[in-house]
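**Q** In my numbering, the protein residues as written are 1385 to 1890.
#1: May I have the straight-line CA-CA distance separating residue 1891 from residue 1611, to the nearest angstrom?
#2: With residue 1827 and residue 1640 assumed to form a contact (beta carbons below 8 Å), what rounded beta-carbon distance in angstroms separates them?
#3: Just to confirm, does residue 1657 get its C-beta within under 6 Å of one of the non-hydrogen atoms of the ligand MN?
#4: Just mark residue 1524 as buried or exposed, buried being the case when its beta carbon has 16 or more other beta carbons within 10 Å.
#5: Could you check which residue in 1595, 1636, 1832 has the C-alpha nearest to that of residue 1722?
#6: Just tell me which of 1839, 1413, 1779 has its CA closest to the CA of residue 1807.
#7: Spatial neighbours of residue 1867 within its chain, please: C-beta separation below 7 Å, excluding the five flanking residues on both sides.
#8: Ends of the alpha helix (DSSP H) at residue 1677?
#9: Start and end of the alpha helix (DSSP H) containing residue 1341?
#10: I'd like to know whether the C-beta atoms of residue 1724 and residue 1554 end up nearer to each other than 7 Å.
#11: For the segment 1477-1491 against the segment 1406-1424, are there 3 or more C-beta pairs whose distance is under 8 Å?
#12: Using the Cα positions of residue 1760 and residue 1656, report the straight-line distance between them to the nearest angstrom.
#13: From the DSSP output, read off the bridge partner residues of residue 1405.
#14: Which runs of the alpha helix (DSSP H) at least 4 residues long sit entirely within the segment 1750-1777? Give them in chain order.
#15: Label residue 1719 either buried or exposed according to how many other C-beta atoms from any shown protein chain fall within 10 Å of its C-beta, with 16 as the threshold for buried.
#16: Leaving out five residues on either side along the sequence, give the residues of the same chain with a beta carbon under 8 Å from the beta carbon of residue 1744.
#17: What span of residues does the alpha helix (DSSP H) with residue 1876 cover, start to end?
#18: When you compare the CB positions of residue 1363 and residue 1461, do they come within less than 7 Å of one another, or not?
#19: What does a CB cutoff of less than 7 Å around residue 1869 pick up in its chain, not counting 5 residues either side in sequence?
#20: According to DSSP, residue 1709 sits in a beta bridge with which residue or residues?
#21: For residue 1623, collect the residues of the same chain with a Cβ closer than 8 Å to its Cβ; drop the 5 residues on either side in sequence, then sort them by chain order.
#22: Contact check, residue 1671 vs residue 1705 under 8 Å by CB: the rounded distance?
#23: Take residue 1458 and list the residues in its own chain whose beta-carbon comes closer than 8 Å to its own, dropping the five residues that flank it on each side.
#24: Relative to the C-alpha of residue 1542, which residue among 1742, 1485, 1686, 1570 is closest?
#25: Roughly how many angstroms lie between the CA atoms of residue 1935 and residue 1815, to the nearest whole one?
#26: Measuring alpha carbon to alpha carbon, tell me which of 1426, 1445, 1427, 1429 ends up nearest residue 1435.
#27: Evaluate the contact criterion for the segment 1842-1856 versus the segment 1777-1790: three or more CB pairs, one atom per stretch, below 8 Å.
#28: Between the Cα of residue 1754 and those of 1766, 1767, 1740, 1765, spot the shortest distance and give me the residue it belongs to.
#29: Take residue 1529 as the anchor and find which of 1494, 1449, 1512 has the nearest alpha-carbon.
#30: Report all residues from its chain with a CB closer than 7 Å to the CB of residue 1502; omit the five preceding and five following residues, and keep chain order.
#31: Any beta carbon of chain B sitting closer than 7 Å to that of residue 1440?
#32: Indicate the three-state DSSP secondary structure (helix, strand or coil) for residue 1829 in the structure shown.
#33: Check residue 1585 in the structure and name its three-state DSSP category.
#34: Could you name the residues of the same chain whose beta carbon sits closer than 7 Å to that of residue 1549, not counting the 5 residues immediately before and after it, in chain order?
#35: From the DSSP output, in three-state form, read off residue 1513 for me.
#36: Taking the DSSP output, what are the residues bridged to residue 1464?
Structure below.
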C-alpha cells in the first residue's frame, strides 16, 4: 500500500480518469503507466500517469474527480491493487453460457460505476452479451443496477413523458420540434440527448446552435420545472452515467448489444423522472434495424422490460430506408427546425413525423380524443404556441430567445450535384447521404452537410440539382464530391436493375 497526500489541480480536468504520481515512486512499487488502482478510503479507481513535478508523497487528481467523490486538498489517500478475481469469475461464468444473478450484475455495475473494472474487462463482458444475448431477467437487472447507481429526478409538473429514437438514419431531427409542442400543451418532457457517434449530427450537435445544452443537473431541473421542457446534454447532467462509461467502450469495438441498449435507454428515462416513453424504431435498408420482423422483436423487448421496470411505453416502427428531412448536418438541421417552428416552411416529412409522434403521446394521455392527436399537435404548431414555448426554453437555458434562421452559420463552400439525364427518384440512400455529409466535415464542422433537393417519386430533368454538399473546407468538399459516383445516394427509377450474364460459349 502507498499513502499519499492529495493535490487537486484544475488543469487535470481534461482527463479526470487519470491521476499523477512521481515517476520514481511508480518504479519503486512496480506501477505501470495506465495501470488501474483503487483509492481508499474513497473506494474508486483511477489510471496512473507519472510526472516528476509531484513529490513522492503527493498524488495529483482533477477537480472534477475531487468534487465527484468528496475529496479535499490535503486528504490522505491509500493506493492499492484492485481485487478483480470476483469480476473475472463472473466473466467466466457468462463465457460458459450461464445466467448471471441479480446480485452478480449489481456487483459488476457497481465496479464499473466506481471505475474499478478495466475497460478490457468491460469489452469482453459486452462482447459476450452481444454473442450470447441476455435473458429478460438479466436485462431487467442491468437496468435496475444502472438506476440504483444514478441520481433520480422528480419533475414538479406531471405527467412526465419522453421520446427516444434508436437512430441510424440521416436527419430525423424531431426532438427540438416535439419538445416545445408537448410542453406548450402542459406535458413535461425532460429530453437528455447525445452527440453524434456515426451520424452527421446528433441532437446536441444541432440544438447547441440554438441554445446552450451543457447544463448541470440542478440547472436542468430548474429549466424543467419553469418551462415544462428542456434539451440538455447527457454528458453534462450525468444521469445514469454508468451507461455512458460502457458506451464509450462499445464505440471502440463497434458493437451494440440490443439487450444492453434497451436497459440503458429505459434506465436513463427513469432517472429523468419519465412516466411514459415513446420509442421510435426506424426500420429499413441502411437503418440499425433492417427487417420489420426484427423491429417487432426489439419493440417486444422494450415493452416487456418496460413492464418489469414499471414504466409505460409504446413503440412505433417508422421508415428508416431514407433520410427524414431534406437538410443533413448540424447547421442545416437547425435551420430546418427553425423554419418548421416559425412558419412551417421546413421539410414536410420532418414536420409530419414530429407531429405524428407528438400526437401519439397526446392520445396516450387523453390530452385529445383518439384519432385526433396529429390535428391537436398541428394546431399547437401553427398557432405559434410551440414556437413561443421554444423561445421560453431557449431563454431558460441561457440562449437568445430572438434567435432566427439568419443566426445559423452557413458553409463557405457548396457544390451542386446535378442530374445527367431525365428521370424519377426511386430511392434516397440514407447511409450514403450520411457518408457524404461526414466526409464534408459534419458534425465537427457545424456548417457541413447535405441539402437534398429531391425526394422519392420526384421527377427531374437533365441539369436539375439533386442535392448540394456544404462544407467550410474546400478540400473536404472536393473529397465528398468524389464519393458521389461510388455511393450513388440518389437511386433512379429504372426498368432493368441488373444483368446476369450466361456463358459466352456452349
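Cβ atoms here follow ideal geometry from the backbone N, Cα and C, with glycine treated the same way. If you're wondering where the values come from, they're calculated on a predicted model, not measured in any experiment.
**A** Let's see:
#1: Since the first and last residues shown for the chain are 1385 and 1890, residue 1891 lies out of range.
#2: The beta-carbon separation of residue 1827 and residue 1640, rounded to 19 Å, does not stay under the 8 Å limit for a contact.
#3: The ligand MN is absent from the structure shown, which contains no ligand whatsoever.
#4: Buried is the call here.
#5: Ranking the options by Cα distance to residue 1722, first place goes to 1595.
#6: Distance check between residue 1807 and each of 1839, 1413, 1779 places 1839 closest, using alpha-carbon atoms only.
#7: Taken in chain order, the residues that qualify are 1819, 1820, 1823.
#8: Segment 1676-1693, the alpha helix (DSSP H) holding residue 1677.
#9: Since the first and last residues shown for the chain are 1385 and 1890, residue 1341 lies out of range.
#10: Cβ distance not < 7 Å, so residue 1724 and residue 1554 don't count as in contact.
#11: No: the two stretches stay apart, fewer than three of their Cβ pairs being nearer than 8 Å.
#12: Answer to the nearest angstrom: the Cα atoms are 26 Å apart.
#13: According to DSSP, residue 1405 bridges with 1434.
#14: With a minimum length of 4 residues, the continuous alpha helix (DSSP H) runs that stay inside the segment 1750-1777 are 1757-1766.
#15: The residue in question, residue 1719, is buried, as its Cβ has 16 or more Cβ neighbours within 10 Å.
#16: Only residues of its own chain outside the window of five on either side were considered, and among them 1662, 1698, 1700, 1757 have a CB closer than 8 Å to the CB of residue 1744, listed in chain order.
#17: Per DSSP, residue 1876 belongs to no alpha helix (DSSP H); it is in the beta strand (DSSP E), 1874-1876.
#18: Within the shown structure, residues of the chain are numbered from 1385 to 1890, placing residue 1363 beyond reach of any answer.
#19: In its own chain, leaving out the 5 sequence neighbours on each side, no residue places its CB closer than 7 Å to the CB of residue 1869.
#20: Answer by DSSP bridge pairing: none, since residue 1709 is not bridged.
#21: Here the set comprises 1534, 1535, 1537, 1576, 1601, 1652, 1655, 1656.
#22: That belief holds up - the Cβ atoms of residue 1671 and residue 1705 are roughly 7 Å apart, short of 8 Å.
#23: Same-chain partners within the cutoff: 1389, 1390.
#24: The shortest Cα separation from residue 1542 among 1742, 1485, 1686, 1570 belongs to 1570.
#25: Because residue 1935 is not part of the residues shown, which for the chain are 1385 to 1890, the question remains open.
#26: Checking every option, the nearest Cα to that of residue 1435 belongs to 1445.
#27: With the cut-off at 8 Å, the segment 1842-1856 and the segment 1777-1790 do not touch.
#28: For residue 1754, the closest of 1766, 1767, 1740, 1765 by C-alpha to C-alpha distance is 1740.
#29: Among 1494, 1449, 1512, the Cα nearest to that of residue 1529 is on 1494.
#30: A distance below 7 Å between beta-carbons, with the five flanking residues on each side excluded, links residue 1502 to the following residues of its chain, in chain order: 1420.
#31: Among the protein chains of the structure shown there is no chain B, as only one such chain exists.
#32: Here DSSP, grouped into helix, strand and coil, assigns residue 1829 to coil.
#33: DSSP places residue 1585 in coil when its eight states are reduced to three.
#34: Excluding positions up to five away in sequence, the list reads 1556, 1664, 1666.
#35: The DSSP-derived three-state label of residue 1513 is helix.
#36: Residue pairing for residue 1464: DSSP places it in a beta bridge opposite 1422.
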